[in-house]
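Novice: The structure follows.
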Amino acid sequence: MRHLISPLDFTTEEIDHILDLAADIERRPERYAHRCDGKVLATLFYEPSTRTRLSFESAMLHLGGQVLGFASADSSSAAKGESVSDTIRMISCYADIAAMRHPKEGAAMVASLHASIPVINGGDGGHQHPTQTLTDLHTIRSIKGHFSGLTVGFCGDLKFGRTVHSLINALSRYPDMKFILISPKELRIPDYLRENVLEKKGIPYEEVTSLDNALPKLDILYMTRVQKERFFSEDEYLRLRDLYILTREKMSLAGPDCIVMHPLPRVNEISVEVDDDPRAVYFRQVNYGKFARMALILFLLGLEEPGDLPESL
Ligand code: NCD
Numbered sequence: 016m017r018h019l020i021s022p023l024d025f026t027t028e029e030i031d032h033i034l035d036l037a038a039d040i041e042r043r044p045e046r047y048a049h050r051c052d053g054k055v056l057a058t059l060f061y062e063p064s065t066r067t068r069l070s071f072e073s074a075m076l077h078l079g080g081q082v083l084g085f086a087s088a089d090s091s092s093a094a095k096g097e098s099v100s101d102t103i104r105m106i107s108c109y110a111d112i113a114a115m116r117h118p119k120e121g122a123a124m125v126a127s128l129h130a131s132i133p134v135i136n137g138g139d140g141g142h143q144h145p146t147q148t149l150t151d152l153h154t155i156r157s158i159k160g161h162f163s164g165l166t167v168g169f170c171g172d173l174k175f176g177r178t179v180h181s182l183i184n185a186l187s188r189y190p191d192m193k194f195i196l197i198s199p200k201e202l203r204i205p206d207y208l209r210e211n212v213l214e215k216k217g218i219p220y221e222e223v224t225s226l227d228n229a230l231p232k233l234d235i236l237y238m239t240r241v242q243k244e245r246f247f248s249e250d251e252y253l254r255l256r257d258l259y260i261l262t263r264e265k266m267s268l269a270g271p272d273c274i275v276m277h278p279l280p281r282v283n284e285i286s287v288e289v290d291d292d293p294r295a296v297y298f299r300q301v302n303y304g305k306f307a308r309m310a311l312i313l314f315l316l317g318l319e320e321p322g323d324l325p326e327s328l
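Numbering (the working numbering), first residue to last: 16 to 328.
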């Protein structure tokens, strides 16, 4: 049985395979519309979410499966003090696969150790967010056609932004990548990423504070929200939250093929006037995310092929 806790749990070949499947689902959705008939996905969300939870639910419903779950810790037995390991043991009796989001780093990993069904990490604190990474990889491959030789700028909260950590990990496995890390000093990437991934693999990267200087060099600009909920001090958050705002004027510094991605939700960091720019792909990203999650569910349930279902299904 496989789980998805970190983007590195899958080989690059497996990722290619999942993204091929996602592209095929997008092309021929009717072929997959009943692949999960009779299967149940549990969404265990201990932290707020709109896109990720609904994307999982929509993915399972479009595969013919059903969903159950909870959308906040307050409405689950966590409020009574139940541990993640007990909850997942119980959920294993009700569902065939589970997607979990939790404010604590490592929570999904703990769940996977006690589960008898595949567990998908839908975000664990400021640590990892591997299904956003599948979404991002599917977006990049669909628009750019490949992963090699790209200069990717990550801008905003690189310290707490788990989507950034997961995507840097995943992209570091492809050849000739270059990263420009744009943030204030206080919100730079964690040391473990710099040392264990970038330095160790000899990946060229720069840590800079100016978005304007970086923009002309980028193939991809990955904007992020300052992660208010992970700050210890409100004043610190208020001081840092509006340092980077992508406007139409700034977009004139970017090349004609530079795409702008964002995991969403957006707060102030991309002005709405940028939404109409054809290089802004963040709403398309949401759509790619649904197909990536559909493919992931099929992969983890071993249902990629139609199997012996009657032709009429
Ligand atoms: C991200 C997350 O939850 O980490 N959102 C998402 O899943 N699309 C990014 C964020 O909350 O800023």
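C-beta atoms are modelled at their ideal positions from N, C-alpha and C, and glycine is treated no differently.
Expressed to the nearest angstrom, what Euclidean distance is found between the alpha-carbon atoms of Glu29 and Leu23?
Specialist: Position 14 of the sequence shown, counting from 1, holds the residue named residue 29. Position 8 of the sequence shown, counting from 1, holds the residue named residue 23. Rounded to whole angstroms, Glu29 to Leu23 spans 10 Å at the Cα level.
Novice: Is it buried or exposed for Ser21, if we count other Cβ within 10 angstroms and need 16 for buried?
Specialist: Residue numbering aside, residue 21 sits at position 6 when the sequence shown is read from its first letter. So Ser21 counts as buried.
Novice: Which residue marks the beginning of the beta strand (DSSP E) containing Lys58, and which one marks its end?
Specialist: Here residue 58 refers to the residue found at position 43 when the sequence shown is read from its first residue. Before going on, a small fix: residue 58 reads as Thr here, not Lys. Its beta strand (DSSP E) spans residues 55-60.
Novice: Pick from Val167, Asp227, Ala123: whose alpha carbon is nearest that of Cys273?
Specialist: Your numbering for residue 273 matches position 258 in the sequence shown. Looking at the Cα atoms, Val167 is the closest of the given residues.
Novice: Figure out for me which residue from Gly121, Ala93, Val134 has the closest Cα to the Cα of Ile112.
Specialist: Here residue 112 refers to the residue found at position 97 of the sequence shown. Taking only the C-alpha atoms, the option nearest Ile112 is Val134.
Novice: Does any heavy atom of ligand 1 sit closer than 6 Å to the C-beta of Pro278?
Specialist: By one-based count along the sequence shown, residue 278 stands at place 263. Within the cutoff, so yes.
Novice: Which residue marks the beginning of the beta strand (DSSP E) containing His32, and which one marks its end?
Specialist: If you number the sequence shown from 1, residue 32 lands on position 17. Per DSSP, His32 belongs to no beta strand (DSSP E); it is in the alpha helix (DSSP H), 27-42.
Novice: Does ligand 1 have a heavy atom nearer than 6 Å to the CB of Arg299?
Specialist: Here residue 299 refers to the residue found at position 284 of the sequence shown. No, the beta carbon of Arg299 sits no closer than 6 Å to any heavy atom of ligand 1.
Novice: Provide the residue span of the alpha helix (DSSP H) that contains Phe71, from first to last.
Specialist: Within the sequence shown, residue 71 is the residue found at index 56, counting from 1. Its alpha helix (DSSP H) spans residues 66-77.
Novice: Does the distance from the C-beta atom of Ser187 to that of Lys215 stay below 7 Å?
Specialist: The residue given as residue 187 occupies position 172 in the sequence shown. The residue given as residue 215 occupies position 200 in the sequence shown. No, the pair does not count as a contact, with Cβ atoms beyond the cut-off.
Novice: Just to confirm, are Arg308 and Thr148 a CB contact at a threshold of 7 Å?
Specialist: What you label residue 308 is simply residue 293 of the sequence shown in a count that begins at 1. What you label residue 148 is simply residue 133 of the sequence shown in a count that begins at 1. No.
Novice: Could you check if Gln143 belongs to the surroundings of ligand 1, using beta carbon to heavy atom distance under 6 Å?
Specialist: For this step, residue 143 is matched to residue 128 along the sequence shown. Checking the Cβ of Gln143 against ligand 1 gives no.
Novice: Verify whether the separation of the beta carbon atoms of Arg116 and Gly140 is less than 7 Å.
Specialist: Position 101 of the sequence shown, counted from the start, is the residue given in the question as residue 116. Position 125 of the sequence shown, counted from the start, is the residue given in the question as residue 140. Judged by their CB atoms, Arg116 and Gly140 are not nearer to each other than the 7 Å cut-off.
Novice: Measure how close the beta-carbons of Leu255 and Glu201 come, nearest whole angstrom, since I'm counting them as under 8 Å.
Specialist: As a first step, residue 255 must be located in the sequence shown, where it is residue number 240. As a first step, residue 201 must be located in the sequence shown, where it is residue number 186. The C-beta distance from Leu255 to Glu201 rounds to 6 Å, short enough to meet the 8 Å contact threshold.
Novice: Would you give the residue range spanned by the alpha helix (DSSP H) that Arg263 belongs to?
Specialist: Within the sequence shown, residue 263 is the residue found at index 248, counting from 1. Segment 263-266, the alpha helix (DSSP H) holding Arg263.
Novice: Near Ser248, what residues of its chain come up, given a Cβ to Cβ distance below 7 Å and the 5 sequence neighbours on each side ignored?
Specialist: As a first step, residue 248 must be located in the sequence shown, where it is residue number 233. If we look at Ser248 and ignore the five residues flanking it on each side, it has no Cβ neighbours.
Novice: Can you tell me the Cα-Cα spacing of Phe85 and Ala229, whole angstroms?
Specialist: Position 70 of the sequence shown, counting from 1, holds the residue named residue 85. Position 214 of the sequence shown, counting from 1, holds the residue named residue 229. Distance between the alpha carbons of Phe85 and Ala229: 41 Å.
Novice: May I ask which residues mark the beginning and end of the beta strand (DSSP E) holding Phe85?
Specialist: Here the question's residue 85 lines up with position 70 in the sequence shown. Looking at the DSSP string, the run of the beta strand (DSSP E) that includes Phe85 is 81-85.
Novice: Look at the Cβ atom of Thr239, then the Cβ atom of Val296, and state whether they are nearer than 7 Å.
Specialist: On the sequence shown, position 224 is the one that residue 239 refers to. On the sequence shown, position 281 is the one that residue 296 refers to. The answer is no: Cβ separation not under 7 Å.
Novice: Quick check: Tyr303 and His161, are their CB atoms within less than 7 Å of each other?
Specialist: Residue mapping note: residue 303 aligns to position 288 of the sequence shown, counting from 1. Residue mapping note: residue 161 aligns to position 146 of the sequence shown, counting from 1. For Tyr303 and His161, no; Cβs fall outside 7 Å.
Novice: Three-state secondary structure (DSSP) at Met105?
Specialist: Position 90 of the sequence shown, counted from the start, is the residue given in the question as residue 105. Residue state, collapsed to three classes: helix.
Novice: Return yes when the Cβ of Cys170 is within less than 7 Å of the Cβ of Ile204, no when it is not.
Specialist: As a working mapping, residue 204 is identified with position 189 in the sequence shown. As a working mapping, residue 170 is identified with position 155 in the sequence shown. No, they are not a contact pair.
Novice: Give the DSSP-derived three-state secondary structure of Leu166 in the structure shown.
Specialist: As a working mapping, residue 166 is identified with position 151 in the sequence shown. What sits at residue 166 in the sequence shown is Thr, not Leu. Thr166: strand per DSSP, three-state reduction.
Novice: Output the boundary residues of the alpha helix (DSSP H) element that contains Val296.
Specialist: On the sequence shown, position 281 is the one that residue 296 refers to. Careful: Val296 lies outside any alpha helix (DSSP H) and carries neither H nor E.
Novice: Please name the residue or residues paired with Glu126 in a DSSP beta bridge.
Specialist: Residue numbering aside, residue 126 sits at position 111 when the sequence shown is read from its first letter. Correcting the residue identity first, residue 126 is Ala in this sequence and not Glu. Ala126 is bridged by DSSP to nothing; it lacks a bridge partner.
Novice: Contact defined as beta carbons within less than 8 Å: I believe Lys193 pairs with Pro231. What is the distance between those atoms, to the nearest angstrom?
Specialist: As a first step, residue 193 is located in the sequence shown; it is residue number 178 there, counting from the start. As a first step, residue 231 is located in the sequence shown; it is residue number 216 there, counting from the start. So it is not a contact: roughly 14 Å between Cβ atoms.
Novice: Under the criterion of a Cβ to heavy atom distance below 6 Å, does Gly171 qualify as lining ligand 1?
Specialist: Taking the first residue of the sequence shown as 1, we reach residue 171 at position 156. No; taking the cut-off as 6 Å, the Cβ of Gly171 has no heavy atom of ligand 1 nearer than that.
Novice: Do you know offhand how far Ala37's Cα is from Lys119's?
Specialist: Against the sequence shown, residue 37 aligns to sequence position 22. Against the sequence shown, residue 119 aligns to sequence position 104. Taking the straight line from one Cα to the other gives about 29 Å.
Novice: To the nearest angstrom, how far is the alpha carbon of Ser157 from that of Gly164?
Specialist: The sequence position of residue 157 within the sequence shown is 142, counting from 1. The sequence position of residue 164 within the sequence shown is 149, counting from 1. Spanning the two alpha carbons is a distance of roughly 16 Å.
Novice: Would a C-beta distance cut-off of 7 Å place Asn353 and Asp257 closer than the cut-off?
Specialist: Residue numbering for the chain in the displayed model covers 16 to 328; residue 353 lies beyond these limits and cannot be assessed.
Novice: What is the DSSP secondary structure of Glu8, reduced to helix, strand or coil?
Specialist: No answer is possible for residue 8: it lies beyond the span of the chain, which begins at 16 and ends at 328.
Novice: The beta strand (DSSP E) that contains Glu221, what's its start and end?
Specialist: Locating residue 221 in the sequence shown gives position 206, where the first residue counts as 1. First-last of the beta strand (DSSP E) with Glu221: 220-223.
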